[in-house]
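Reviewing the structure listed below.
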Amino acid sequence: MTNAPITLFAALLGCLAAVHAGYVPDDCMHCICVVETGCRMPDPLCHMDVGSLSCGPFQMKRNYWLDARLKGGSLMNDWQTCSASWTCSEQAVNGYMERYAVQSRLGHSPTCEDFSRIHNGGPNGFKSPLTLGYWALVKKCLTGGPELNKVDLGQLTKNHTKLG
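Given below as structure tokens:
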């Protein structure tokens with residue numbers, strides 16, 4: 012009896028994981044989403060935040076989406092349409108991070124702290140003290156175990172800077 016079926020299954024599983032895997036680790040992506048919206052698709056999709064609209068589960072601004080397209084592809088060719096799609100929203104976050112959360116800018120391999128602070132504070136958010144409160148919320152989500160989704164969303168009004 013050969014192990015060919017098992018080997019084939021393992022190879023397929025590896026391919027699927029490679030295709031699905033994004034630049035931002037899943038747990039980090041999820042916790043950024045939790046902090047932004049409780050990881051729910053907002054209704055209405057967009058709301059005014061620091062002088063401009065933020066849309067979708069990651070509260071993406073138009074300029075964030077434009078920057079994300081440089082590494083993330085066309086992203087549905089429309090910021091609000093992309094924001095209304097879970098898949099496109101995640102691709103946009105990954106594209107933005109592939110542009111800004113890179114070793115050559117950070118001086119080290121990117122961490123979830125870097126991803127979180129850049130998501131919240133723009134390209135240089137990783138070094139801004141204004142993004143530390145946001146990172147604390149993401150970190151709380153990451154270390155929450157079974158309480159993962161019970162981040163104190165009331166803190167968002169105090170810690171949500173969205174500089175970028």
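Under my numbering, the first residue of the sequence shown carries the number 12, and numbering increases by one thereafter. Glycine included, each C-beta is placed from N, C-alpha and C at the ideal position.
- The criterion of a C-beta distance shorter than 7 Å is not satisfied by TYR145 and ASN135.
- When secondary structure is reduced to three states using DSSP, HIS58 falls in the strand class.
- For ALA103 against GLY83, the beta-carbon gap comes to about 6 Å, under 8 Å, which counts as contact.
- Around the Cβ of VAL45, a 10 Å sphere holds 16 or more other Cβ atoms; the residue is buried.
- Going by DSSP, LEU143 is part of the alpha helix (DSSP H) stretching over 143-153.
- Assignment of beta-bridge partners to CYS39 by DSSP yields no partner.
- Secondary structure within the segment 39-124: the alpha helix (DSSP H) runs of 4 or more consecutive residues, fully enclosed, are 73-83, 90-94, 97-111 and 114-117 (chain order).
- Non-local beta-carbon contacts of ASN105 in its own chain, meaning distances under 7 Å to residues more than five positions away in sequence, involve GLY33, TYR34, VAL35 and GLY83 in chain order.
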